[in-house]
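Numbering (this note's numbering), first residue to last: 476 to 804. Heads up, the beta-carbon is just placed ideally off N, CA and C, and yes, glycines get one too. Note that the structure is a prediction, hence the values are computed from the model and not measured. I have placed the structure first, in the form of structure tokens, so that the comments after it can refer back to it.
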Amino acid sequence: MAQQFEDKFNRKFYYLRLSVTDVCNFKCTYCLPDGYKPSGKKNSSFISLDEIRRVVTAFADCGTTKVRITGGEPSLRKDFNQIIETVAQTPGIRKVATTTNGYRMEKQVADWKAAGLTHINVSVDSLDPRLFHQITGENKFHQVMAGIERAFEVGYEQVKVNVVLMKDLNHHQLPQFLEWIKDKPIQLRFIELMQTGEMDDLFDRHHVSGVAIRNHLIANGWLLKVRAANDGPAQVFVHPDYQGEIGLIMPYEKHFCDSCNRLRISALGKLHLCLFGEQGLELRDLLQQDEQHGELIARIEQQLQTKRVSHFLHDGDSGMTPHLASIGG
Ligand code: SAM
Ligand code: SF4
């Protein structure tokens, strides 16, 4: 193995988030409220299977064990099964996850599993079908729920469900969510709404901290679980009376970035050191031949030394990121 990717703050990187498309068929109010719009730029084709194989091989050689395939909506790629296979067959990669809006899950999740997908996150912002429709722009609540059931049928032991917390929309629906996971092996992950470049006043209207949820959980006997090295940033709580778990992702909390263990590749093949903050470093010219492997690793290592200690979201600085669909939330 080449040297483990590490930054100058001694953070080691085990986890790659790989965006494979910017395209999405939903219109979530906090992400793509007007739907996906092609950039119209020249040479804007999304990263190919060979490019994916080369970049994932470089990361695996430098200590990455987990890859999340994301987007946009990753399952809209026609070669999504081959993408999963390519990542899963890379020596050193032990976990292959995806984050999906669940639109295609009911029909396709058996194939995803067969291709080597080990973990699934699906976004469900409300258990009320009308509110789900209002937030995502799509009347697909029942289809997404059927997809989750199907995932259990084909053998996933746990499904993670992402919920973006929004004041006056879903933040008071905690009792419904808790009821839902009482007897289901679902890890519900409440994500604080993050401000992005193209967001209007939605952030000011709907941002709410996860602290109230955390206080409620602790007061009601939920216990914090210990994190593993390649886990995401969620604080995960468990309870003896519940089969499900609750995760809290609170990027506005102090020290959120201390345990950062992830790097990102955009669908256009750029390296991003953080979800927020920079334009991304071009890697595509080094993804064209297997022989460029060493040069590719050297470029990533060099860039890694410029990773900042923290994002600056607290100061209202969301950097260059227009919305999370652009580099994979
Ligand atoms: N389309 C897929 C989906 O929605 O699950 C994958 C891509 S989406 C960008 C990844 C995750 O980012 C989703 O769970 C979504 O809810 C979350 N997300 C998007 N924009 C966000 C924002 N402004 N703040 C917090 N989470 C956001
Ligand atoms: Fe699409 Fe996911 Fe963004 Fe919603 S959050 S618009 S499903 S990319």
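Start-to-end residues for the beta strand (DSSP E) that takes in residue i
i    : result
I721 : E720 to I724
A703 : Premise fails: A703 is in no beta strand (DSSP E) and is neither H nor E.
L677 : Run containing L677: none in the beta strand (DSSP E); it sits in the alpha helix (DSSP H), L677 to H681.
H768 : Segment H768 to L779 is the alpha helix (DSSP H) holding H768; no beta strand (DSSP E) there.
L761 : Segment: none, L761 is in no beta strand (DSSP E) and carries neither H nor E.
K745 : K745 to H747
T574 : K570 to T575
V711 : Q710 to V713
F665 : I661 to E667
heavy atom of the ligand SAM below 8 Å from residue i C-beta
i    : result
K580 : Rather than Lys, the amino acid found at residue 580 in this sequence is Met. M580: no, Cβ never under 8 Å from the ligand SAM.
M669 : yes
A800 : yes
P549 : yes
V639 : yes
M620 : no
C749 : no
Where the alpha helix (DSSP H) containing residue i begins and where it ends
i    : result
L649 : L649 to W655
A626 : F616 to E628
V639 : No alpha helix (DSSP H) holds V639; the beta strand (DSSP E) holding it covers V634 to L640.
Q557 : F555 to A563
C692 : For the record, residue 692 in the displayed sequence is Leu; it is not Cys. Looking at the DSSP string, the run of the alpha helix (DSSP H) that includes L692 is V686 to A694.
Heavy atom of the ligand SF4 within 8 Å of residue i beta-carbon
i    : result
F555 : no
G546 : yes
S734 : no
N690 : no
S598 : yes
Alpha-carbon spacing of residue i relative to residue j, whole angstroms
i    : j    : result
M620 : E770 : 45 Å
R702 : L592 : 22 Å
D728 : E667 : Just to set this straight, residue 728 is Glu in the shown sequence, not Asp. Going by the C-alpha atoms only, they are around 10 Å apart.
K615 : E673 : 25 Å
R543 : S598 : 14 Å
T561 : T532 : 10 Å
L748 : Q633 : 29 Å
Distance cut-off 8 Å: residue i Cβ against heavy atoms of the ligand FMN
i    : result
K502 : This structure does not include the ligand FMN; its bound ligands are the ligand SAM and the ligand SF4.
Check: Should the region 568-578 be called in touch with the region 542-553, which here means at least 3 C-beta pairs below 8 Å?
Finding: yes
Check: Does the region 738-749 come within contact of the region 682-697, defined as at least 3 CB pairs closer than 8 Å?
Finding: no
Next item on the list: Within the region 579-612, note down every full beta strand (DSSP E) run reaching 3 residues or more, in order along the chain.
Entry: 594-598
Item checked: Ranges of the alpha helix (DSSP H) found wholly within the region 478-547, counting only runs of at least 4 -> 524-536
Notebook entry, point to check: Taking one C-beta from the region 492-503 and one from the region 551-567 each time, how about it: are there three or more such pairs within less than 8 Å?
Noted result: yes
Next item on the list: Would you check if the region 722-739 and the region 683-694 touch, i.e. whether three or more CB-CB distances between them fall below 8 Å?
Entry: yes
Notebook entry, point to check: Is the region 760-780 touching the region 478-485, taking contact as three or more C-beta pairs under 8 Å?
Noted result: yes
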